[in-house]
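Working notes, beginning with the structure itself.
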Amino acid sequence: MDTIKIPPKQNKKRKTNQNPETAFLVNLQSCTKSKDLQTAVSLYESALSQNLRLSLHHFNALLYLCSNVATDPSAKDSAIDYGFRVFNHMLSNKAVPNEASVTSIVRLASAKKDGDYAFELIKKMNKDYNLVPRLRTYDPALLCFCENLEAEKAYEVEQHMGSMGVRLEEQEIAALLKVSSETGRGERVYEYLQKLRNSVRCVSEETVKAIEDWFRGEKATEVKGVSFDEGLVKEAVLKNGLGWHGLGWIGDGKWVSKRGSLDENGKCSCCGHQLDSVDIDDAETEKFAQSIAGLAMEREVKANFSEFQDWLEQHADYEAIVDGANIGLYQQNFAEGGFSIPQLDAVVKELYTRNGNKWPLIILHNKRLRSLLENPSRRKLVQEWMDKGVLYMTPHGSNDDWYWLYAAVKLRCVLATNDEMRDHIFELLGTNFFLKWKERHQVRYTFVKGNLKLQLPPPYSSVIQESEKGSWHVPILINNDESSQTWLCITRPSVVESCDKAKALENTETSENGHGLCWNNETLNSCNS
0 MDTIKIPPKQ NKKRKTNQNP ETAFLVNLQS CTKSKDLQTA VSLYESALSQ
50 NLRLSLHHFN ALLYLCSNVA TDPSAKDSAI DYGFRVFNHM LSNKAVPNEA
100 SVTSIVRLAS AKKDGDYAFE LIKKMNKDYN LVPRLRTYDP ALLCFCENLE
150 AEKAYEVEQH MGSMGVRLEE QEIAALLKVS SETGRGERVY EYLQKLRNSV
200 RCVSEETVKA IEDWFRGEKA TEVKGVSFDE GLVKEAVLKN GLGWHGLGWI
250 GDGKWVSKRG SLDENGKCSC CGHQLDSVDI DDAETEKFAQ SIAGLAMERE
300 VKANFSEFQD WLEQHADYEA IVDGANIGLY QQNFAEGGFS IPQLDAVVKE
350 LYTRNGNKWP LIILHNKRLR SLLENPSRRK LVQEWMDKGV LYMTPHGSND
400 DWYWLYAAVK LRCVLATNDE MRDHIFELLG TNFFLKWKER HQVRYTFVKG
450 NLKLQLPPPY SSVIQESEKG SWHVPILINN DESSQTWLCI TRPSVVESCD
500 KAKALENTET SENGHGLCWN NETLNSCNS
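By numbering that gives the first Met the number 0, the letter at position 404 of the sequence shown is numbered 403, and the numbering carries on one by one without gaps.
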């Protein structure tokens, strides 16, 4: 029987017959990768002579290449000239610019030191083309004004950014701080230090230099601050969640800036100041609690959660909340595993002891609680908790996450849980201050051979801090490594001396933390003054 030979499949040849416009675009993209402006210009001239139909993609590729080459001093002038020629041709061709087109031409205008034209283009793109500028669109104009020491124009760009919902990052804040410093605008420097504090945890060396230059200069010495009112400043610090007061410069005279480090508890090696564990402020706390309640009532039976809110109003003296399910089920994924009452009891007792013999509030789901009460060996302990009023049972069909999170935020308590709170319900709350709140309030735990170890929140926050004495502490990011932390310490000796004299006279200084709990790695004690 003859075998049938199947001929091998022939590889289809890639289609190479590109139309002239496509070939032009491919060649332009190649020039962009190699930053070959000269070849790109030749291709552009050839395309014009052939009357090729140019699209937005062609113009954008050319504009992007020109804006990149304009950073090279040797080719800057020709890149700017060709860039504007291409842009004018684009407009005459009735091609409607997009955000990428405008960003490239703004970069070229700024390279030409023409910040005014760059900013006008940005405003025009929004007004005429209904395009929303991005941070990269604003940057060239803003930085151009800052470099030219045109402070008022830079502030105008910042204002426009705010109106478009574009948020400043470290580079932009540092540039605004620097131009404010170099033009002697002390109030603006203070404003941008606060914005920097609110935007980044650790600052770059370049930003630190701008800060150091301000405090070491004569203009900083000449700026007189508000009169020091210790009570007023303390009240502002507490209201803001510690770490800053926001009242403005304090005192007058020279500043002293040094670089140093902190000990494990957050004490500065340069001035001896104890840094705070920074919390979200009063307004953020209330907003956070309302957000949780609003989302919970959308997803829970409204009456059930409202009942919990009312109950919490009547039992508002707890200073620690316990996520019962998270602790009871910790490391129980083995054959004989189940809900571990001993683990939960250990955490509850440890918090009770550390908090001056004050019971925490345990949140536990209805279904879980009923099964525990049905078990004779566990019923007695659970009944004791219920009799003491330290256990809240969430109703059938509810998600107990809403309950323990709301209680911890509303009562400004610590929260004992290993839940990283990455679920979709927590994503709904946003991340603006959620991470800051977690760092300050979450108590994690481990059990090693049955022995409990609590991991308390850090005794201080590695963020820019402004003290009650008007001093500043700025964490510096070196080689993208936060573990080897260096700090910039800035003090005003006249204010420090005044405060020390006042304290010596009083001699009754009370340790005050304000947001419910004062704690370090050893203790967890109530600290209301």
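We put the CB at the ideal spot given by N, CA and C, even for glycine.
Treat the numbers as computed from the prediction; the structure is a model and nothing was measured.
Buried or exposed for His395, going by 16 or more other Cβ atoms inside 10 Å? Exposed: under 16 other Cβ atoms inside 10 Å.
Quick check on DSSP: helix, strand or coil for Gln464? Here Gln464 carries a strand assignment [DSSP, helix/strand/coil].
Please name the residue in Ser91, Leu142, Asn125 and Asn59 whose C-alpha comes closest to that of Asp113. Comparing Cα-Cα distances from Asp113 to each of Ser91, Leu142, Asn125 and Asn59, the minimum goes to Leu142.
Does the pairing of the stretch 236-256 with the stretch 381-399 give three or more beta-carbon distances under 8 Å? The count of Cβ pairs closer than 8 Å, one atom from the stretch 236-256 and one from the stretch 381-399, stays below three, leaving the stretches out of contact.
Given a cut-off of 8 Å on the beta-carbon distance, is the pair His440 and Thr393 in contact? No, they are not a contact pair.
Is it buried or exposed, Trp310, if we count other Cβ atoms within 10 angstroms and call 16 or more buried? It is exposed - the Cβ of Trp310 has fewer than 16 other Cβ atoms within 10 Å.
Near Lys409, what residues of its chain come up, given a Cβ to Cβ distance below 7 Å and the 5 sequence neighbours on each side ignored? So the list reads Ala288 and Leu311, once near-sequence residues are dropped.
Which whole runs of the alpha helix (DSSP H) in the stretch 99-170 are 4 residues long or more, in chain order? Here the runs fully enclosed are 114-128, 134-146 and 150-162.
Where do the ends of the beta strand (DSSP E) carrying Leu414 lie? Judged by DSSP secondary structure, Leu414 falls within the beta strand (DSSP E) whose first and last residues are Val413 to Ala415.
Any idea what DSSP makes of Val255, helix, strand or coil? Reduced to three states, the DSSP call for Val255 is strand.
Other residues of its chain near Pro19: CB distance less than 7 Å, five sequence neighbours each side excluded: Around Pro19: Gln49 and Leu51.
Residue environment, Asp422, which counts as buried when at least 16 other CB atoms sit within 10 Å: By the beta-carbon neighbour count (other beta carbons within 10 angstroms, threshold 16), Asp422 is exposed.
C-alpha gap between Leu380 and Gly265, whole angstroms: In this structure, the alpha-carbon of Leu380 lies about 40 Å from that of Gly265.
Identify the residues that DSSP records as bridge partners of Cys488: which are they? In the DSSP assignment, the residues bridged to Cys488 are Lys257 and His472.
Just reading off the beta strand (DSSP E) that Asn450 is part of, what are its end residues? Where Asn450 is concerned, the enclosing beta strand (DSSP E) stretches over Asn450 to Gln454.
Same chain only: Cβ atoms within 7 Å of Leu62, ignoring 5 sequence neighbours per side: Cβ within range, chain order: Gly82, Val85, Phe86, Ser100, Ser103 and Ile104.
Note down, in chain order, each residue of its chain lying with its Cβ closer than 8 Å to the Cβ of Gln17, except the 5 sequence neighbours on either side. Counting only residues of its own chain and dropping the five nearest sequence neighbours on each side, Gln17 has a CB closer than 8 Å to the CB of Val25.
Spatially closest choice to Phe307 from Val321, Lys238 and Ile362, by CA coordinates: When each option's Cα is compared against that of Phe307, the closest is Ile362.
By Cβ distance below 8 Å, which residues in the same chain neighbour Asn59 in space, the five residues on each side in sequence not counted? Cβ neighbours of Asn59 within its own chain (closer than 8 Å, five residues either side excluded): Asn97, Ala99, Ser100 and Ser103.
Please give me, in chain order, every unbroken run of the alpha helix (DSSP H) with length at least 4 that falls completely inside the stretch 190-244. Runs found: 204-215, 217-221 and 229-238.
Suppose only complete runs of 4+ residues qualify. What are the alpha helix (DSSP H) ranges in the stretch 26-112, listed by chain order? Correct list: 36-48, 55-68, 75-91 and 98-110.
Using only alpha-carbon positions, find the residue among Leu414, Met296 and Glu438 that is nearest to Thr278. Just to set this straight, residue 278 is Asp in the shown sequence, not Thr. Checked all of Leu414, Met296 and Glu438; the closest Cα to Asp278 is Glu438.
Which residues does DSSP pair with Thr445 in a beta bridge? Per DSSP, Lys452.
Determine which residues share a DSSP beta bridge with Tyr391 and list them. DSSP, once it has assigned bridges, lists Ile362 as partnering Tyr391.
What do you reckon, are the CB atoms on Trp243 and Gln464 nearer than 8 Å? Against a cut-off of 8 Å, the Cβ pair of Gln464 and Trp243 comes out as a contact.
Same chain, Cβ closer than 8 Å to Cys65, neighbours up to 5 away in sequence not counted: Cβ within range, chain order: Leu36, Ala78, Ile79, Tyr81, Gly82, Val85, Ser103 and Leu107.
Sequence-distant residues of the same chain with beta carbon closer than 6 Å to Lys585, five excluded per side: A query on residue 585 cannot be resolved here, the shown segment of the chain reaching from 0 to 528 and no further.
Measure the beta-carbon distance from Val131 to Leu476 and round it to whole angstroms, keeping in mind my assumption that it falls under 8 Å. Beta-carbon to beta-carbon, Val131 and Leu476 are separated by about 31 Å, too far to satisfy the 8 Å threshold.
Buried or exposed: which applies to Val473, given that a residue is buried once 16 or more other Cβ atoms fall within 10 Å of its Cβ? Answer is buried; the Cβ neighbour count reaches 16.
Which one or two residues does DSSP pair with Lys266 in a beta bridge? Gln273, per the DSSP bridge assignment.
CA-CA distance, Cys526 and Arg353? The predicted model places Cys526 with a pLDDT of 33, which falls under 50 and marks its position as unreliable; any figure quoted below should be read in that light. Using only the alpha carbons, I get a separation of about 12 Å.
Which residues bound the alpha helix (DSSP H) around Val408? Counting along the chain, the alpha helix (DSSP H) containing Val408 begins and ends at Asp399 to Lys409.
Extent of the continuous alpha helix (DSSP H) to which Ala288 belongs: Ala288 -> alpha helix (DSSP H) spans Asp281 to Arg298.
Nearest by alpha-carbon distance to Met160: which of Asn125, Asn147 and Asn374 is it? Ranking the options by Cα distance to Met160, first place goes to Asn125.
In whole angstroms, give me the CA-to-CA distance for Ser483 and Pro457. Going by the C-alpha atoms only, they are around 16 Å apart.
Check for me: the beta strand (DSSP E) holding Ala319 runs from which residue to which? It spans Ala319 to Asp322 - the beta strand (DSSP E) in which Ala319 sits, taken as one unbroken run.
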